[in-house]
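Residue numbers (the numbering used here), protein chains in the order written: chain A, 71 to 283; chain B, 71 to 283. A virtual CB, placed ideally from N, CA and C, is assigned to each residue, including glycine. This structure is a prediction, so every number in the text was calculated from the model and none was measured.
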């Protein structure tokens, strides 16, 4: 197996994008894709993509392109995401419930095995066969449930407290969907799914486009 | 008013992050913040933040820092996001419904004024007082509703079709929440809210952390 430590960080940042594009292509029935077309779909220049994918060398065929499925499998393996990851979700609001019902999580190997909330009216409720547990019990329950990743879907003002429980539970990776920044120690990886960042970018681009007319 | 055309693109990309951090600080009661603390909270180096915020010069006070509220207002003004933006949502699944109920959209000036779906069982249904309309009618309804931004929350295999309707409707900015890449002409700004990109990054970081132990 390809060892991910040998792949430069800059390449790794692009791999998740490549997987996404390759999965779209696969869904559309593509079995082989040329580096030019793949580069165009990813909005990356072709020489960059050839260099990045050279780490997965076996799947590029000169004059033909890349075998889509093989390339997806190889990238996922080297990213360490070709297995089941057990996640806990903190914050059972509308967004939390939507994520719990989101088909793609399970399909991509992310299984939500624990649901937490601090609202006494929500504790004990069942969602998709999983009981909502008091957030305070996260440190005690996370080990029992084998949780490795935390998803925060609380309102912004409760995101830090949710993060604290996850960190206390020894969780090393957090994806924060709440529109707030959170503080975490160095060894905990925090990723932000920030809707408003993207909305602001779009709004700004429209404004800029109008002012340039 | 500060003219956004004068601000470098690289700075603009960081402004949405600064707004997010500043809004977290404001919620916590901060009125003034030093550039060092702001830099730390944004995970950007202090000289970078001082340079970026020099474009909003009036609000930095030597030896004191920045006035939080004034800085938020000024950045939003220059990004052109200090007004109401009317958006259409395409795809009334779990995620679509969650976004429709998400308090923060309206609070930040993004009003969802049109809801579209291609499922005959969903068309005609009312969500938050807005009727679900057939996606095919988007080009005709968008102008009437004054829609400027499209939000795609369809399953991945229907994202491109939703985008086509939005583009046909003359919409210049799309935020795609579906886990699929979409093709769009140059003048349309497409942003991706890609949950799995972030989940893969977290999973990869955990894997890497374990292999380095």
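Contact residues of the region 131-160 of chain B toward chain A are 149, 150, 151 and 155 (C-beta to C-beta distance below 7 Å). Residues of the same chain with a CB within less than 7 Å of the CB of residue 85 of chain B, apart from the 5 flanking positions on each side, are 145 and 149 in chain order.
Legend: CB atoms of the region 167-200 of chain A lying less than 9 Å from CB atoms of chain B belong to residues 167, 168, 169, 170, 171, 172, 173, 174, 175, 178, 179 and 180. The Cβ atoms of residue 263 of chain B and residue 272 of chain A lie no closer than 8 Å to each other.
Sequence-distant Cβ neighbours of residue 194 of chain B in its own chain, meaning closer than 6 Å and more than five residues away, do not exist here. Neighbourhood of residue 249 of chain A in chain B, by CB distance below 7 Å: 90 and 174, in chain order. Runs of the beta strand (DSSP E) spanning 3 or more residues and lying entirely within the region 81-132 of chain A do not occur at all. In the structure shown, residue 254 of chain A falls within a coil segment according to DSSP collapsed to helix, strand and coil. Beta-carbon to beta-carbon, residue 183 of chain B and residue 217 of chain B are separated by about 6 Å, close enough to satisfy the 8 Å threshold. Its Cα nearest to that of residue 207 of chain B, the residue B/160 stands out among B/124, B/154 and B/160. For the set B/269, B/87, B/232 and B/151, the Cα lying nearest the Cα of residue 178 of chain B is the one of B/151.
Distance from the Cα of residue 260 of chain A is smallest, within the candidate group A/201, A/267, A/236 and A/275, for A/236. According to the DSSP assignment, residue 158 of chain B belongs to the beta strand (DSSP E) that extends over 155-160. By the criterion of a C-beta distance shorter than 8 Å, residue 169 of chain A is surrounded in its chain by 159, 175, 182, 221, 223 and 247, once the five residues flanking it on both sides are discounted. Within chain A, the residues whose beta carbon sits less than 8 Å from that of residue 242 of chain B are 275, 276 and 279, listed in sequence order. Not a single C-beta of chain A is nearer than 8 Å to the C-beta of residue 116 of chain B.
Annotation: residue 114 of chain B to residue 258 of chain A spans about 18 Å, alpha carbon to alpha carbon. In the DSSP assignment, residue 238 of chain B falls within the unbroken alpha helix (DSSP H) covering 229-238.
Flagged as an interface residue toward chain A: residue 111 of chain B, by a C-beta distance shorter than 8 Å.
For residue 124 of chain A, the closest Cβ of chain B is not nearer than 8 Å. Annotation: the continuous beta strand (DSSP E) that includes residue 135 of chain A extends over 135-137. Within chain B, the C-beta atoms nearer than 8 Å to that of residue 82 of chain A come from 274, in chain order.
The contact set of residue 77 of chain B on chain A, defined by CB atoms closer than 8 Å, is empty, because the minimum CB distance reaches about 10 Å. According to the DSSP secondary-structure assignment, residue 181 of chain B is paired through a beta bridge with B/156. Contact check for residue 274 of chain B against residue 219 of chain A fails: the beta carbons are separated by 8 Å or more. DSSP, read as helix, strand or coil, puts residue 151 of chain B in coil. Burial is judged here by how many other beta carbons sit within 10 angstroms of a residue's own beta carbon; residue 191 of chain A has fewer than 16 and is exposed. Against chain B, a Cβ distance below 9 Å from residue 97 of chain A picks out 226, 227 and 250. Proximity of residue 261 of chain A to chain B, defined by a Cβ-Cβ separation below 8 Å, is satisfied. In the DSSP assignment, residue 243 of chain A falls outside any alpha helix (DSSP H) and within the unbroken beta strand (DSSP E) covering 243-246. With the criterion set as a beta carbon lying under 7 Å from some beta carbon of chain B, the members of the region 203-220 of chain A are 218 and 219, in sequence order. For a cut-off of 8 Å, the C-beta gap from residue 101 of chain B to residue 138 of chain B is around 6 Å, short enough to register as a contact.
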